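For the sequence shown, numbering that gives the first Met the number 0 assigns the number 0 to the initial residue and increments by one for each residue that follows.
For reference, the structure discussed in these notes is given below.
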Amino acid sequence: MHMGKEIRMNRLFNKRSGNTLVIALDHPVGWGVIPGIDTIRETMAKIVRAKPDAVTMLKGTAERVYAEFSGQIPFINKLTTFAPYHPAYDVKVGDVVEAVRLGADAVAIGCTVCGTDQRQLLAQLGALSRDATEFGMPTVTHIYPKGELIDKKDWYQPEHVMYAARAGAELGIDIIKTFYTGDKRSYARVIESCPARVVVSGGPKLPDVIDVFRMTRDAIDVGARGVTYGRNVWQSDKPIAMVHALKHIIHKKGAVNEALDIFNDSKE
Numbered sequence: 000m001h002m003g004k005e006i007r008m009n010r011l012f013n014k015r016s017g018n019t020l021v022i023a024l025d026h027p028v029g030w031g032v033i034p035g036i037d038t039i040r041e042t043m044a045k046i047v048r049a050k051p052d053a054v055t056m057l058k059g060t061a062e063r064v065y066a067e068f069s070g071q072i073p074f075i076n077k078l079t080t081f082a083p084y085h086p087a088y089d090v091k092v093g094d095v096v097e098a099v100r101l102g103a104d105a106v107a108i109g110c111t112v113c114g115t116d117q118r119q120l121l122a123q124l125g126a127l128s129r130d131a132t133e134f135g136m137p138t139v140t141h142i143y144p145k146g147e148l149i150d151k152k153d154w155y156q157p158e159h160v161m162y163a164a165r166a167g168a169e170l171g172i173d174i175i176k177t178f179y180t181g182d183k184r185s186y187a188r189v190i191e192s193c194p195a196r197v198v199v200s201g202g203p204k205l206p207d208v209i210d211v212f213r214m215t216r217d218a219i220d221v222g223a224r225g226v227t228y229g230r231n232v233w234q235s236d237k238p239i240a241m242v243h244a245l246k247h248i249i250h251k252k253g254a255v256n257e258a259l260d261i262f263n264d265s266k267e
C-alpha cells in the first residue's frame with residue numbers, strides 16, 4: 000500500500016477496534032435541505048463534539064463550515080452527487096486534486112448499479128479510483144443496486160448488494176458503503192464475497208433508535224468494518240448521544256441494550 004494511503008486509512012479506522020463510524024453530511028444536493036442539515040453549523044458543531052471517526056461532505060460545506068473544526072476529525076470529500084431529478088446518477092462535482100488541496104483524508108464517489116447508466120458510472124468510479132491512487136488517497140464508494148432495471152423491492156436482495164460491493168472492490172475502491180440486507184446471514188455473504196472493507200449505509204431514518212443499534216450490532220458481528228450514518232444521527236433528538244452509543248457498539252463490542260442505556264441516560 001502507498002505510504003500516504005496507509006497513513007490516511009489509519010486516521011479513518013479506530014486503532015482499538017479496527018472499525019469506523021463515519022457521519023455523512025453530504026445530503027443537501029441529493030435530498031434537499033432537510034431537517035438536521037438545514038442548520039448545518041449547529042449540526043457540525045454537535046457532530047465534532049461527539050467525535051466520530053470521520054465526516055463525509057461536499058467541498059462547499061468543507062470550506063465554509065468544517066474548516067472551523069479542521070484537524071479535530073478526519074474528513075472525506077464527496078466528489079460526486081445525485082439529485083432529486085437524477086436520483087440514480089452521480090455526477091462528478093470535484094476531483095482528487097481539489098480534495099488534496101482541501102486536506103481531505105479520503106474521497107467518496109457515488110455509483111448506482113443495475114441501471115442503464117451503470118457503464119458511465121462504473122467508468123467514472125474507475126477513473127477516480129485511479130486518480131486517487133496516484134496521490135495515495137483512500138477511496139470510498141457509496142454504491143447501491145438501485146437502478147431502474149430491477150424493482151425497488153429487490154434493492155436489498157443479497158445477490159444485488161453482493162454484486163454492488165464486489166463491483167466497487169474490483170475497481171480498486173478501498174471502502175465499500177452499501178445497503179444492509181436485513182439479516183446477519185445474508186450480510187455475511189456480502190462481506191465474505193468482497194475483498195475490500197465494507198461499511199453499512201444507514202439509509203432513511205429508522206422508526207426507533209433501537210433499530211439502528213440492532214442493525215449496527217448485527218453488521219459488526221458478521222464482519223462489517225463500521226457504518227456510515229447520516230439521518231439516523233443528525234435527525235435524532237440527541238445526535239451527540241447517538242454517536243456515543245454507536246461508538247460503544249462499534250469500538251467496544253457493546254450490546255444493543257447497553258447502547259440504548261447510553262442514549263436514554265444522556266441529558267443532551
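From the three backbone atoms N, C-alpha and C, an ideal C-beta is built for every residue, glycine too.
Values in this document were obtained by computation on a predicted structure and should not be read as measured data.
> For the beta strand (DSSP E) that R196 lies in, which residues bound it at each end?
Replying inline: For this step, residue 196 is matched to residue 197 along the sequence shown. Looking at the DSSP string, the run of the beta strand (DSSP E) that includes R196 is 196-200.
>> Less than 8 Å between the beta carbons of M136 and A105, yes or no?
In response: What you label residue 136 is simply residue 137 of the sequence shown in a count that begins at 1. What you label residue 105 is simply residue 106 of the sequence shown in a count that begins at 1. For M136 and A105, yes; Cβs fall inside 8 Å.
>> Going by beta-carbon coordinates alone, are L24 and G225 separated by less than 8 Å?
In response: Mapped onto the sequence shown, residue 24 falls at position 25. Mapped onto the sequence shown, residue 225 falls at position 226. Taking 8 Å as the Cβ cut-off, L24 and G225 do not qualify as a contacting pair.
>> Just to confirm the assignment, what range does the beta strand (DSSP E) spanning F12 have?
In response: Locating residue 12 in the sequence shown gives position 13, where the first residue counts as 1. Counting along the chain, F12 sits inside no beta strand (DSSP E), nor does DSSP assign it H or E at all.
> Where does the unbroken alpha helix (DSSP H) through L245 begin, and where does it stop?
Replying inline: Stepping through the sequence shown from its first residue, residue 245 is reached at position 246. Unbroken alpha helix (DSSP H) run through L245: 238-251.
> Are the Cβ atoms of K77 and I239 separated by less than 8 Å?
Replying inline: Translated into positions along the sequence shown, residue 77 becomes position 78. Translated into positions along the sequence shown, residue 239 becomes position 240. Not a contact, by the Cβ cut-off of 8 Å.
> Does the distance from the C-beta atom of G114 to that of D89 stay below 8 Å?
Replying inline: As a first step, residue 114 is located in the sequence shown; it is residue number 115 there, counting from the start. As a first step, residue 89 is located in the sequence shown; it is residue number 90 there, counting from the start. The criterion of a C-beta distance shorter than 8 Å is not satisfied by G114 and D89.
> In terms of alpha-carbon separation, which member of P34, H141, A49, D130 lies closest to R165?
Replying inline: Walking along the sequence shown from the start, residue 165 turns up at place 166. The candidate whose alpha carbon is nearest that of R165 is H141.
>> The alpha helix (DSSP H) that contains A87, what's its start and end?
In response: Translated into the one-based positions of the sequence shown, residue 87 becomes position 88. Not the alpha helix (DSSP H): A87 falls in the beta strand (DSSP E), residues 85-91.
>> Suppose the cutoff is 8 Å on Cβ atoms and the five residues either side in sequence are ignored; what does the same chain contact list for D94 look like?
In response: The residue you call residue 94 lines up with position 95 of the sequence shown. L78, L127, D130.
> For the stretch 47-55 against the stretch 240-258, are there 3 or more C-beta pairs whose distance is under 8 Å?
Replying inline: Yes, they touch.
> Whose C-alpha, out of P73, V92, Q71, G70, is nearest the C-alpha of T80?
Replying inline: Counted from its first residue, the sequence shown places residue 80 at position 81. Measuring from the Cα of T80, the nearest candidate turns out to be V92.
> Can you list, in chain order, the stretches of the alpha helix (DSSP H) that have 4 or more residues and sit fully within the stretch 13-89?
Replying inline: DSSP runs (the alpha helix (DSSP H)) wholly in the stretch 13-89: 27-30, 39-49, 58-63.
>> Considering just the uninterrupted stretch of the beta strand (DSSP E) at T140, what are its terminal residues?
In response: For the purposes of this step, residue 140 is identified with residue 141 of the sequence shown, where counting begins at 1. That run of the beta strand (DSSP E) goes 138-143.
>> Between the alpha carbons of G222 and I36, how many angstroms are there, rounded?
In response: Residue 222 sits at position 223 when you count from the first residue of the sequence shown. Residue 36 sits at position 37 when you count from the first residue of the sequence shown. Straight-line Cα distance between these residues: approximately 31 Å.
>> Quick check: the Cα distance between W149 and N18, rounded to an integer number of angstroms?
In response: Position 150 of the sequence shown, counted from the start, is the residue given in the question as residue 149. Position 19 of the sequence shown, counted from the start, is the residue given in the question as residue 18. For the record, residue 149 in the displayed sequence is Ile; it is not Trp. Straight-line Cα distance between these residues: approximately 32 Å.
> Sorted by chain position, which residues of the same chain lie with C-beta nearer than 7 Å to A163's C-beta, five sequence neighbours on each side aside?
Replying inline: Locating residue 163 in the sequence shown gives position 164, where the first residue counts as 1. Closer than 7 Å at the Cβ level, and outside the excluded window around A163, lie V112, I142, Y143, P144, T177.
> With 16 other CB atoms within 10 Å as the buried threshold, where does S235 fall?
Replying inline: Taking the first residue of the sequence shown as 1, we reach residue 235 at position 236. Sixteen is the threshold: when 16 or more other Cβ atoms of the shown chains lie within 10 Å of the Cβ of S235, as they do, the residue is buried.
> Exposed or buried, which one is G70 when buried takes at least 16 other CB atoms within 10 Å?
Replying inline: On the sequence shown, position 71 is the one that residue 70 refers to. With fewer than 16 other Cβ atoms from the protein chains shown falling within 10 Å of its own Cβ, G70 counts as exposed.
>> DSSP has V226 in a bridge; who is on the other side?
In response: The count along the sequence shown starts at 1 and reaches residue 226 at position 227. According to DSSP, which records beta bridges pairwise, V226 is partnered with L20, V199.
>> Quick check: what's the CA-CA separation for G3 versus M43?
In response: The count along the sequence shown starts at 1 and reaches residue 3 at position 4. The count along the sequence shown starts at 1 and reaches residue 43 at position 44. Each residue's alpha carbon lies about 27 Å from the other.
> Below 8 Å between beta carbons: does that hold for V268 and M241?
Replying inline: No answer is possible for residue 268: it lies beyond the span of the chain, which begins at 0 and ends at 267.
>> List, from N- to C-terminal side, the alpha helix (DSSP H) runs of 4 residues or more that fit wholly inside the stretch 93-154.
In response: With a minimum length of 4 residues, the unbroken runs of alpha helix (DSSP H) contained wholly in the stretch 93-154 fall at 95-101, 117-133.
> Under a three-way DSSP split, which group does R172 fall into?
Replying inline: Within the sequence shown, residue 172 is the residue found at index 173, counting from 1. A small correction: the amino acid at residue 172 is Ile; Arg does not occupy that position in the sequence shown. Here DSSP, grouped into helix, strand and coil, assigns I172 to coil.
> Along the chain, where does the alpha helix (DSSP H) that runs through T215 open and close?
Replying inline: Looking up residue 215 in the sequence shown gives position 216. Looking at the DSSP string, the run of the alpha helix (DSSP H) that includes T215 is 208-220.
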